[in-house]
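To start, the structure itself, in structure tokens.
Chains as they are written, first to last, in our numbering: chain F, 10 to 520; chain X, 8 to 332.
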């Protein structure tokens, strides 16, 4: 049956102390973790806001460099009074070299909208006067104008209806244009036809790494210019299904710069591009934010549990150590009492070996009070003494037996009479450690004497029995002889009687 | 006849008529419900800005409309981590199946494994991810495309010349396989040497910049092999800006996008290798068939054979009709 340990008061106190320390520790860790989680969440949101700003700056920088190139051409044309020469073409080629894939066409129109310069052969027959953006340019020719997004294949404005359909989100484009003025008179227009994707991808690439969701760009009129989901590009928020959480995006981006939208977290920044205002933002899932912010909790909880386990381990180890010490102490006490009060002599010895490792003698290390009373040797004299000297013998008593036990560790018991003390002993020998042995002995001199007396009596009785046996044997032989004699006589008498009977019969027959 | 019996028979007739009507309506409703529900297929695109992929996307949209399935496309902007995250988001969104063209041969494996664990069929096209548990792959024989390009250059240069290679996105299967095919073939021509090789990431701007660097470092070369058309078109621009006539250099691209066909027609580009757009359509078609019937195609990998397009056979290009418009 398993022994049930009941905690002592001291152990109970230690356990409660351990629990208290553990709870304090866990509370501290959790408070720290929650504080860190909040800091982490705030830090991450700041980081995301920074990412949005970096993305906005990227778009603005790209746009400003395009704008600056556009204005350089505008100045060149204004200064040369709309002169189209090799220098102009060289300059246009240079700009297209800077943006090899971003500007499908650079166009120069006269004040009536007729094409003077065109870098894209596909647009030779295009008529820009019909286009919606050309109408807008004419309304504000003094400023750099940034057109609405449109399908590039509708560049000439011949298919205005196609603009609304927006069935090819990968073919989106803009026109960046400026009126060319010379001495205050409108001479014409210069237009950069821009592909939308390179512009948006510059933004997308800056925010792509840290976010689980995606970046987006929203026009003032709620048209989605960029979104990871390609099919959404070019659509208005109102075009989305009523169930879509994104429909509330416009409301949120107007209301706040950082808001939760269903399962999304929206972080936005506004950017002004000439006549347009775009909202640039990051749309990430709240679960991603939570997951990221919970990471320190997971880590710290793990650390807390680990350290908690160590604390509890230490507490239980201390409790077990304390219990073990107490039990050891009690055990020692018990054995000490037994050692002191037993009638049997106990002595601890160590073997003394010579250089070759052969046992030479043994030294007494400790003895109990019974040793003194049995052997009549004082403890002070015995402890530390060499056996041969103490017992005044030429050889240490029973060295061969003791050395064997000390070497092998196998217990043995034997009875012997120790002549120098004229006493008999029963000695049990065991080895507590290699090279050491302990003897547990009792004085059996009286018992031995009794045994010897008994032996003598037995021998005397045996001799008496033997004497009586001889006498009996002699008498028995005499009796046997007499018996044989009487039996012979009887037999003779019987024979004679038979002969008499026979004679009597003969006589009778004769008669 | 007893009027009561007549009434009873009338009631019976009405009841039978009602029963037949109910059975008919029920059958029609069941027939309607048994019609295939509209599948939603997520397309985790590598980068729709790449010209070939743009056309592949359009072809896929057209095929999706034809097959009456909804296509949701998430663009990864050539970022493998983003593509993996996009696949996870598509899984969360509850799409019925996923089609993808992995940015990287290894980076997407965990996301594909996740789709497999969620029992969402996933197929790859254009690019593969060896070791990933995708259902099947439809692509083009990129190794053969590399061999074809090398053979074309060797033939035109009589087996002797210095070649510049514009490599694609390093780590992507087309870049690896096309290069493997090219190097396998060039061993047969000991006098043909690759004098410069650098990645332009499959982008036109990068092609322009890599070519600028090549011109600065290697002024003497005979031919350019580009692993896609965007890069070769960028390099043609770079040569033009450096005062080198593109007509004087032997050039070959890959993909046969409309701009490359135009360049061939104008004599600026010597050849391109048709990277068949049909692989996107085949992949989508086979995926939808699998979802409808539960039967996988007999093949695990389907490779469409590429071919060389020059001025002589320009009309065989997938996008010839586009430039004709």
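No residue lacks a Cβ here, since even glycine has one placed at the ideal position from N, Cα and C. None of the values given here were measured: they were computed from a predicted structure.
**OP:** Thinking residue 230 of chain X and residue 318 of chain X are a contact (beta carbons under 8 Å), I'd like their distance in whole angstroms, please.
**Re:** Wrong, their Cβ atoms sit about 17 Å apart, outside the cutoff.
Original post:
For residue 152 of chain X versus residue 109 of chain X, is the C-beta spacing smaller than 8 Å?
Top reply: no
Original post:
What is the DSSP secondary structure of residue 314 of chain X, counted as helix, strand or coil?
Top reply: strand
Original post:
chain F partners of residue 79 of chain X, CB-CB under 8 Å?
Top reply: 238, 240
Subject >> Pair within 8 Å by beta-carbon distance, residue 114 of chain F and residue 189 of chain F >> reply: no
Subject >> Within-8 Å CB hit, residue 211 of chain X to chain F >> reply: yes
**OP:** For residue 254 of chain X, decide whether its Cβ has a neighbour in chain F, counting only Cβ atoms nearer than 8 Å.
**Re:** no
**OP:** Using three-state DSSP, classify residue 199 of chain X as helix, strand or coil.
**Re:** strand
**OP:** Find the residues of chain F that neighbour residue 64 of chain X, judging by a C-beta separation of less than 8 Å, and give them in chain order.
**Re:** 179, 239
Original post:
From what residue to what residue does the beta strand (DSSP E) around residue 105 of chain X run?
Top reply: 104-107
Original post:
Rounded to a whole number of angstroms, what is the C-alpha to C-alpha distance between residue 233 of chain F and residue 44 of chain F?
Top reply: 38 Å
Original post:
Can you list the residues of chain F that residue 70 of chain X reaches, using a CB-CB cut of under 7 Å?
Top reply: Simply none; closest approach about 15 Å.
Original post:
Cα separation between residue 182 of chain F and residue 174 of chain X?
Top reply: 29 Å
Subject >> Chain-ordered neighbours of residue 21 of chain F on chain X, where CB pairs are closer than 8 Å >> reply: In chain order: nothing, as chain X lies at least about 50 Å away.
Original post:
Are residue 122 of chain X and residue 105 of chain X close, meaning C-beta to C-beta below 8 Å?
Top reply: yes
Original post:
Given that a residue counts as buried once 16 or more other Cβ atoms are within 10 Å of its Cβ, and exposed if not, what is residue 54 of chain X?
Top reply: buried
Original post:
Which of the residues in the segment 204-215 of chain F, read from start to end, lie with their CB under 8 Å from any CB of chain X?
Top reply: 206, 207, 210, 213, 214
Subject >> Residues, ordered as in the chain, of the segment 235-261 of chain X that lie near chain F by beta-carbon distance below 7 Å >> reply: 241, 244, 248
Original post:
For residue 243 of chain F and chain A, any beta-carbon pair shorter than 8 Å?
Top reply: The structure shown contains no chain A; its protein chains are F and X.
Original post:
Would residue 214 of chain X be called buried (16 or more neighbouring beta carbons within 10 Å of its own) or exposed?
Top reply: buried
Subject >> Proximity winner among X/79, X/98, X/51, X/204, relative to residue 133 of chain X (alpha-carbon distances) >> reply: X/51
Subject >> Beta carbon proximity, residue 334 of chain X to chain F, threshold 8 Å >> reply: Chain X is shown only over 8 to 332; residue 334 of chain X falls outside these bounds and no answer can be derived.
Original post:
From F/36, F/19, F/30, F/66, pick the residue whose C-alpha is nearest to that of residue 289 of chain F; which is it?
Top reply: F/66
Original post:
Helix, strand or coil for residue 483 of chain F per DSSP?
Top reply: helix
**OP:** Please go through the segment 15-73 of chain F and give each complete alpha helix (DSSP H) segment of 4 or more residues, from N-terminal end onward.
**Re:** none
Original post:
How about residue 106 of chain F: is its C-beta nearer than 8 Å to some C-beta of chain X?
Top reply: yes
**OP:** Answer with buried or exposed for residue 382 of chain F, where buried requires no fewer than 16 other C-beta atoms within 10 angstroms of its C-beta.
**Re:** exposed
Original post:
Among residues of its own chain, excluding the 5 on either side of residue 163 of chain X, which ones have a beta-carbon nearer than 8 Å to its beta-carbon?
Top reply: 230, 257, 277
Original post:
For chain F, is any of its Cβ atoms less than 8 Å away from the one on residue 45 of chain X?
Top reply: no
Original post:
Among X/114, X/69, X/103, which has the Cα closest to the Cα of residue 85 of chain X?
Top reply: X/114
Original post:
DSSP three-state call for residue 392 of chain F: helix, strand or coil?
Top reply: coil
**OP:** Name the two residues that bound the continuous beta strand (DSSP E) containing residue 357 of chain F.
**Re:** 354-362
Subject >> Residues bridged to residue 172 of chain X [DSSP beta-bridge criterion] >> reply: X/204, X/232
**OP:** Leaving aside the five residues before and after residue 174 of chain F along the sequence, list all residues of the same chain whose C-beta is less than 7 Å from its C-beta, in chain order.
**Re:** Confidence is the limiting factor: at residue 174 of chain F the pLDDT is only 48, short of 50, which leaves the residue's position unreliable and the question unanswerable from this model.
Subject >> Strand pairing of residue 186 of chain F, partner residues [DSSP] >> reply: F/154, F/200
Subject >> Exposed unless 16 or more other CB atoms sit within 10 angstroms - verdict on residue 275 of chain X >> reply: buried
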